[in-house]
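> Got a structure here, written out as structure tokens. Questions coming.
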Amino acid sequence: MLPLRLPRIAAIAALGALLALQPAFAQQGVDADTITLGHSGALSGPVSELNKEYLSGAKLHFDQVNARGGIHGRRIRLLTLDDAYDPELAAANVRKLIERHRVFALFGCFGTGPSLKTIPLASAAGVPFFAPYSGADALRQPADPHVFHLRASYRQEIDKIVGHLATLGVRSVGIVHHADPFGETGLETAVAALSRRGITPSVLARFGERDADAGDAARIVAGANPAAVIMIAAHDHAAAFVRALRSTGYRPMLFGLSIINADQLVRELGDQAYGLVVARVLPSPFRLDYPFVRDYRYFSDKAKLGYSYPALEGYLAATVFTEALRRAGRDLNAERFLTALEGMTDWDAGGLKLQYSTHNHVGLDYVDLTVIGRGDVRH
């Protein structure tokens, strides 16, 4: 029997060695030299500039990683589909990215409404959903094991604004919000933040897509005459409201969330934008004391691009994502990637330390307030 067993064992060993040399990638979105990511976001429509800037920053980092040979020999490919900030179109896009393009992960998908529709699709398919461009608590609670956020929440932004007003002794506060999931959840958060400080909103106003809706909201707010107004609105809707409010001659303190593109607001509104306070979830792209900001500016200069908060956020998101890929190793799959992210506790991303863990899938809690000044953003 012995002479017969040895050749068989040798044959099995030889076959195993041969199979080990064959490229076999069971993980979708991963092959011998590429990792394919997907993104659904507004490439057209009123909030498209924010999304495009975010993607431009992410591309800066992915391009430099690819130029160095990628991660463990694999280059990163990012497929982007336009959903025009439409949740139903976003859902169709994500199905296409997962089922047809078979992406490894969803990266930086844009907006609260679209993300509410798309996260369940990614989670059901076991596809990581990384750094959605939204701070809505509805995307964070209950926690989903496939979803990791980078930015602080809108709740934290709003709490920063309300805390600032309380410190100033301001108790007459109005809230204006857009009629969508982002606006409705933001309203609930703002009312709760004020209530914790014993403040009842002086006025609430809701508006939809039309400039006339913003005009109606502005007249309601002006009639109530609050000392300060918190705007739960994205860029174009915020611009329409500010324009309508200024036309009444009423000039309260105005506060907006990070979803507002302050640079674009200045271009569109000119002097009418000055004095608006905007919450920020990252340090300024002019803060050279942060190493990741210096890196971002260096590569932006090489690409002959300007600086912006959304692009800086995209750059940082790509930086964190590629570090998790590196930690996950050459034998990459979704489980190893998600485990790598959970292990990035206190990882220094260039002046900001991440807080991911098995119990926390939100990387940062940084929030600051900036004021739109004449021609630039003062810090």
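For the sequence shown, the numbering used here assigns the number 66 to the initial residue and increments by one for each residue that follows.
Quick reminder that beta carbons are idealized off the backbone N, C-alpha and C, glycines included.
Keep in mind it's a predicted model, so treat the numbers as computed, not measured.
At which residue ranges does the region 106 to 151 contain complete alpha helix (DSSP H) runs of 4 or more residues, listed in the order of the chain?
List check, alpha helix (DSSP H) in window: 113 to 132.
> Alpha carbon to alpha carbon, how far is Gln129 from Phe169?
Answer to the nearest angstrom: the Cα atoms are 20 Å apart.
> Going by DSSP in three states, Gln420 sits in which element: helix, strand or coil?
It is a strand residue.
> Could you confirm whether any beta carbon from chain B is found closer than 8 Å to the beta carbon of Arg401?
The displayed structure is made up of one protein chain only, and chain B is not part of it.
> Terminal residues of the continuous alpha helix (DSSP H) containing Asp360?
Pro356 to Lys367 is the extent of the alpha helix (DSSP H) around Asp360.
> Distance check for Leu120 and Asn326, CA to CA, integer angstroms please.
Using only the alpha carbons, I get a separation of about 14 Å.
> If you reduce the DSSP assignment to three classes, tell me which class Tyr315 lands in.
Coil at Tyr315, not helix or strand.
> Looking only at its own chain, which residues have a Cβ that is under 6 Å from the Cβ of Ala338, when we skip the five neighbours before and after it?
Answer for Ala338: Leu330, Val331 and Ile437, listed in chain order.
> Cutting at 8 Å between CB atoms, please list the residues of its own chain near Thr313, excluding the five before and the five after it.
Hits under 8 Å: Ala283, Arg284 and Ala287.
> Where does the unbroken beta strand (DSSP E) through His242 begin, and where does it stop?
His242 -> beta strand (DSSP E) spans Val238 to His243.
> Within the continuous alpha helix (DSSP H) that includes Ala258, where are the two ends?
Residues Pro246 to Ser260.
> Have a look at Ala257 and Thr250 and give me their C-alpha separation to the nearest angstrom.
Cα-Cα distance, rounded: 11 Å.
> Please identify the residue among Asn131, Ser237 and Thr145 whose C-alpha is closest to the C-alpha of Ser260.
Nearest of Asn131, Ser237 and Thr145 to Ser260, Cα basis: Ser237.
> Is the beta carbon of Ala123 sitting closer than 8 Å to the one on Gly379?
In contact: Ala123 and Gly379 (Cβ atoms closer than 8 Å).
> If you drop the 5 nearest sequence neighbours on each side, which residues of the same chain put their C-beta closer than 6 Å to that of Met66?
Confidence is the limiting factor: at Met66 the pLDDT is only 36, short of 50, which leaves the residue's position unreliable, though a coordinate-based value still follows. Hits under 6 Å: none found.
> How about the region 354 to 371 and the region 177 to 187: do they share at least three Cβ pairs that are nearer than 8 Å?
Output reads no: the region 177 to 187 does not touch the region 354 to 371.
> When you compare each of Glu222, Thr384 and His424 to Tyr361 by their alpha carbons, which one comes out closest?
When only C-alpha atoms are compared, the closest one is Thr384.
> Does Arg332 come out as helix, strand or coil in the three-state DSSP assignment?
Helix, per DSSP.
> Where does the unbroken beta strand (DSSP E) through Arg271 begin, and where does it stop?
Val268 to Phe272 is the span of the beta strand (DSSP E), which, as asked, contains Arg271.
> What are the residues that DSSP puts in a beta bridge with Val212?
DSSP output for Val212 lists Phe194 as bridge partner(s).
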